[in-house]
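S.K.: FYI, the UniProt record's numbering numbers position 146 of the sequence shown as 146, with every residue one higher than the one before it. Cβ atoms here follow ideal geometry from the backbone N, Cα and C, with glycine treated the same way. Let me begin by handing over the structure; questions about it come next.
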Amino acid sequence: MAILQNLQDEDVEWKAPWMVPDEILYQCGNFDWVPLLGIWEAIGYTPLLVLRQYISRQFIPATQGLAQCEFSYKGDNYKRKIREMSSAWKQIHWMKRFIVGAMTTPEYYGWWSKRVNDNIPRPREEGVRSIEEYLQVLETEKLRKGKNKAEKDLDSLKIDYKKLRLSMKTAGLGKTSE
1 MAILQNLQDE DVEWKAPWMV PDEILYQCGN FDWVPLLGIW EAIGYTPLLV
51 LRQYISRQFI PATQGLAQCE FSYKGDNYKR KIREMSSAWK QIHWMKRFIV
101 GAMTTPEYYG WWSKRVNDNI PRPREEGVRS IEEYLQVLET EKLRKGKNKA
151 EKDLDSLKID YKKLRLSMKT AGLGKTSE
């Protein structure tokens, strides 16, 4: 807290969000991302993933193990993880941002087509019918259900009729006396 209270104007560098730097910190130590140690927990930050949203070239993001980088300062082995992340900051890797040729790589197209995007449901091509076919199927299904119900009702009436005939026979009703 004392560090924040003693900040001077020259200690803070203000940048607009649309100003992308020429050099990007993209890796610390053996991590393919930048581990950020906060007050209560640690998280993994992937500058290259963020950079994709700007004018940089599109590529397959390195996210393997990123979820394991996030942890709170409690539980088992958190001190070991903090030491590991702190030592990773001694080996930082910078990359020059460049824009050359196509904005996407062939690998990116492959990754994009195989990724799971459950935000927007897509129609399945194999089962697509025209509206006329769909309405015809609905009408056919309605008729089939009506026929099935009529057949069930007829079967039920036949059973009731047989029971009634049997009960009349046992009661001796329905015989004519001559």
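Spell out a yes or no on whether the region 23 to 30 and the region 2 to 11 are touching, meaning 3 or more CB-CB pairs, one atom from each, closer than 8 Å.
M.R.: no
S.K.: Is it buried or exposed for GLY44, if we count other Cβ within 10 angstroms and need 16 for buried?
M.R.: Counted from its first residue, the sequence shown places residue 44 at position 44. Classification for GLY44: buried.
S.K.: Below 7 Å CB to CB, which residues in the same chain sit around LEU25 once its five sequence neighbours on both sides are set aside?
M.R.: For the purposes of this step, residue 25 is taken as the residue at position 25 of the sequence shown. The answer, listed in chain order, is VAL34, PRO47, ILE92, TRP94.
S.K.: Report back the beta-carbon spacing between GLU70 and GLU41 to the nearest angstrom; my notes put them in contact at under 8 Å.
M.R.: Here residue 70 is taken as the residue at index 70 of the sequence shown, counted from 1. Here residue 41 is taken as the residue at index 41 of the sequence shown, counted from 1. Indeed, because the Cβ distance is near 7 Å, the residues count as touching under 8 Å.
S.K.: What did DSSP end up calling GLY44 once you bin it into helix, strand or coil?
M.R.: In the sequence shown, the residue the question calls residue 44 occupies position 44. Note: GLY44 maps to strand in three-state DSSP.
S.K.: Across which residues does DSSP place PRO35 in a beta bridge pair?
M.R.: On the sequence shown, residue 35 is found 35 positions in, with the first residue counted as 1. GLY44, per the DSSP bridge assignment.
S.K.: In the DSSP assignment, find the alpha helix (DSSP H) that holds GLU141 and state where it starts and stops.
M.R.: Indexing the sequence shown from 1 puts residue 141 at position 141. Unbroken alpha helix (DSSP H) run through GLU141: 131 to 171.
S.K.: Helix, strand or coil: how does DSSP classify GLN27 here?
M.R.: If you number the sequence shown from 1, residue 27 lands on position 27. The answer is strand: DSSP assigns GLN27 an E or B state.
S.K.: What does the alpha-carbon distance come out to for the pair ARG83 and TYR109?
M.R.: The residue you call residue 83 lines up with position 83 of the sequence shown. The residue you call residue 109 lines up with position 109 of the sequence shown. Computed Cα separation, rounded: 38 Å.
S.K.: Would you mind sorting MET168 into buried or exposed? The rule is 16 or more other CB atoms within 10 Å of its CB.
M.R.: Here residue 168 refers to the residue found at position 168 when the sequence shown is read from its first residue. With fewer than 16 other beta carbons inside 10 angstroms of its own, MET168 counts as exposed.
S.K.: Secondary structure at GLU178, three-state DSSP: helix, strand or coil?
M.R.: Taking the first residue of the sequence shown as 1, we reach residue 178 at position 178. The pLDDT assigned to GLU178 is 49, lower than 50, so where the model puts this residue is not dependable, and the model offers no usable value.
S.K.: Contact check, MET85 vs LEU37 under 8 Å by CB: the rounded distance?
M.R.: For the purposes of this step, residue 85 is identified with residue 85 of the sequence shown, where counting begins at 1. For the purposes of this step, residue 37 is identified with residue 37 of the sequence shown, where counting begins at 1. About 6 Å; that satisfies the 8 Å criterion.
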